[in-house]
Amino acid sequence: WKGTKDAVTELSLWKTNAALLETESLSPSLLKVIIRAESVKEPLIGMAFDLQFDSKKLEFIEYREGDFFEKGGVPIYLSTLFKDGASLVTGITLKRGDELVSGSGDIMYVYFTVLDENDGKNPEFSFAKTVASTLKHGKREDLPDVQFEIIADMNTRSD
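Mind the numbering: the sequence shown is residues 1 to 159 in the working numbering, read in order.
See below:
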């Protein structure tokens, strides 16, 4: 999918699980991306994805952990800016002794500097290499057919 600012995007996992991507303009030069789990039915041990963006319009600042995976224990977050500067490669996992998570909550927050306030009004994001995993019989199993699609437009929130 290609989402734009003010768009909410759905990650469908077996049609009963969803994660949303939402953007929030904190100021003309600061953008917050919220990646949120919504009504996840299949218990998860982890998730991985590449968040792609236009590095001519946005500059990655940092990410912060949300509360979704923290419900199960102390997750490990690995997130790095890919060498092209336009893709944030992220993996999140709980340890095998932790409780698998489902339900709703914020997965993570990603902050960007808008490089040109006029050019950065509608930044596009895309996801690649999306994986959501559970445990079956003590072994990690990737869920099939993980897809992203736009489900609704939203107005920009500002604090």
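Positions of the beta carbon are idealized from the N, C-alpha and C atoms, including for glycine.
Cβ-based neighbour list, Val89, same chain, cut-off 6 Å, excluding 5 preceding and 5 following:
Asp50, Thr80 and Phe82
On the three-state DSSP scale, how would you describe Glu124?
strand
Cβ-based neighbour list, Ala48, same chain, cut-off 6 Å, excluding 5 preceding and 5 following
Gly91 and Val131
Between the C-alpha atoms of Lys41 and Gly85, what's the straight-line distance to the nearest angstrom?
34 Å
Can you look up Glu117 in the DSSP assignment and give me helix, strand or coil?
coil
On the criterion of 16 or more Cβ atoms from any shown chain inside 10 Å, does Ser39 qualify as buried, or is it exposed?
exposed
Nearest candidate by alpha-carbon position, reference Lys139, set Leu44, Gln52, Lys32 and Thr23
Leu44
Got a sec? Which residues, its chain only, sit under 6 Å from Glu62 by beta carbon, not counting five neighbours each side?
Tyr111
Could you name the residues of the same chain whose beta carbon sits closer than 8 Å to that of Leu100, not counting the 5 residues immediately before and after it, in chain order?
Pro43, Leu44, Ile45, Gly72, Leu94, Thr134 and Leu135
Three-state secondary structure assigned by DSSP to Phe68
coil
Between which two residues does the beta strand (DSSP E) harbouring Lys95 extend?
Lys95 -> no beta strand (DSSP E), and no H or E assigned at all.
On the three-state DSSP scale, how would you describe Leu26?
strand
Rounding to the nearest angstrom, what Cα-Cα distance links Ile34 and Met108 in this structure?
6 Å
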